[in-house]
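Asker: Numbering (my numbering), first residue to last: 3 to 295.
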């Protein structure tokens with residue numbers, strides 16, 4: 003079934019067939035043979051894209067523990083619906099993607115000009131060395147309030163800067179950034195493609211090869227679409243993954259790790275090392291001084 007050959011909802015039925023006495027000229031988005039006009043196809047694709055974006059944002063506002071516990075019939079139905087929606091808007095997204103990348107980098111430029119902390123000399127320092135499991139609890143303290151569910155790259159940046167001794171938390175933002183562009187600008191760190199992996203353990207094994215004490219950004223793509231930035235670190239002979247956005251450790255237990263990886267497309271995972279990189283002042287655009295309690 004093609005992307006435009008789907009069962010009609012009552013509203014779409016009336017739009018297509020009209021009602022008795024309705025003239026064809028009133029039907030703005032259909033040709034006389036019932037097919038969609040160019041404007042109609044664009045409108046249909048945009049409606050589908052809006053649905054996809056809404057669904058992904060709703061998933062993004064949940065903690066991993068909540069997400070992994072919601073695999074049920076309703077989610078399966080949503081998955082089928084939105085997979086077909088992605089097919090319908092694929093061509094549109096290719097163009098939008100290029101434009102969006104440019105737009106997001108312009109936004110980062112704006113944030114860099116208006117940032118609270120101008121340079122690292124005035125950036126507050128931690129009174130003591132904090133473990134990643136401590137930092138993850140204070141990186142995005144207002145989650146899941148407005149501005150805290152789309153700032154995953156900012157949260158990973160805050161985690162990395164805290165590893166370097168800076169006392170910061172992630173700033174709020176209404177939309178996300180592309181991790182490859184973002185970490186190139188904030189840490190001059192090249193993105194590394196892992197290649198196809200067969201399991202979540204294979205992902206951890208790859209990260210462990212960077213050596214004890216190393217840390218950085220892990221970008222995962224959800225099977226349902228969209229991506230997420232996480233913080234990883236090799237410590238105490240283990241590779242741990244933290245979600246700075248929701249304040250959770252993904253690798254708390256083998257079962258939790260497996261549950262999380264079930265949602266991940268293991269063919270497209272990428273990562274950056276940030277322990278061996280000096281942050282640029284763009285990194286300060288993603289963070290702010292901690293709020294006083």
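Glycine residues also receive a C-beta, built at the ideal position from the N, C-alpha and C atoms. These figures come from a predicted structure and were not determined experimentally.
In whole angstroms, what separates the C-alpha of residue 73 from that of residue 129?
Answerer: Residue placement at residue 73 cannot be trusted, given a pLDDT of 48 that sits under 50; the coordinates are not used to answer.
Asker: Please classify residue 124 as buried or exposed, where buried requires at least 16 other C-beta atoms within 10 Å of its C-beta.
Answerer: exposed
Asker: Please report the straight-line C-alpha distance between residue 239 and residue 187, rounded to a whole angstrom.
Answerer: 31 Å
Asker: Could you have a look at residue 284 and say whether DSSP puts it in helix, strand or coil?
Answerer: Looking at residue 284 - three-state DSSP - the assignment turns out to be helix.
Asker: For the segment 268 to 282 against the segment 214 to 234, do three or more pairs of beta-carbon atoms, one drawn from each stretch, fall closer than 8 Å, so that the two count as touching?
Answerer: yes
Asker: Indicate whether residue 190 and residue 212 have their beta-carbon atoms separated by less than 8 Å.
Answerer: no
Asker: As a quick exercise: from 257, 231, 294 and 283, pick the residue whose alpha carbon is nearest that of residue 275.
Answerer: Of 257, 231, 294 and 283, the residue nearest in Cα terms is 231.
Asker: Report all residues from its chain with a CB closer than 6 Å to the CB of residue 143; omit the five preceding and five following residues, and keep chain order.
Answerer: none
Asker: Taking the alpha-carbon positions, what's the residue 282 to residue 40 distance?
Answerer: 45 Å
Asker: Please confirm if residue 41 has its CB atom under 8 Å from at least one CB of chain C.
Answerer: Annotation note: the requested chain C is absent from the structure, which comprises a single protein chain.
Asker: What number of angstroms, rounded off, separates the C-alpha of residue 215 from the C-alpha of residue 258?
Answerer: 23 Å
Asker: Quick one: residues in its chain with C-beta nearer than 8 Å to the C-beta of residue 280, no 5 flanking neighbours on either side, listed in chain order?
Answerer: 189 and 190
Asker: Tell me where the alpha helix (DSSP H) around residue 120 begins and ends.
Answerer: Counting along the chain, residue 120 falls outside any alpha helix (DSSP H), and DSSP gives it neither H nor E.
Asker: The beta strand (DSSP E) spanning residue 193 covers which residue range?
Answerer: That residue, residue 193, is in no beta strand (DSSP E); it is neither H nor E in DSSP.
Asker: For the pair the segment 171 to 178 and the segment 195 to 204, tell me if three or more CB-CB distances fall below 8 Å.
Answerer: With a cut-off of 8 Å on Cβ pairs, the segment 171 to 178 is not in contact with the segment 195 to 204, counting fewer than three such pairs.
Asker: Could you give the distance in angstroms between the alpha-carbon of residue 180 and the alpha-carbon of residue 228?
Answerer: Cα-Cα distance, rounded: 11 Å.
Asker: Can you round the beta-carbon distance between residue 169 and residue 292 to whole angstroms, since I take them to be within the 8 Å contact cut?
Answerer: 6 Å
Asker: Beta-carbon within less than 8 Å of residue 294's beta-carbon, same chain only, minus the 5 sequence neighbours each way: which residues are those?
Answerer: none
Asker: So, for residue 154: in the same chain, excluding its five sequence neighbours on each side, which residues have a beta-carbon less than 6 Å away from its beta-carbon?
Answerer: 230, 231 and 247
Asker: Which of helix, strand or coil does DSSP assign to residue 219?
Answerer: strand
Asker: In chain order, what residues of the same chain lie with their CB nearer than 7 Å to the CB of residue 206, ignoring the 5 residues before and after it?
Answerer: If we look at residue 206 and ignore the five residues flanking it on each side, its Cβ neighbours are 241.
Asker: For residue 328, count the other beta carbons within 10 Å of its own beta carbon; 16 or more makes it buried, fewer makes it exposed. Which is it?
Answerer: Residue 328 is absent from the model: the chain starts at 3 and stops at 295.
Asker: Can you give me the C-alpha to C-alpha distance between residue 137 and residue 184, rounded to a whole angstrom?
Answerer: 21 Å
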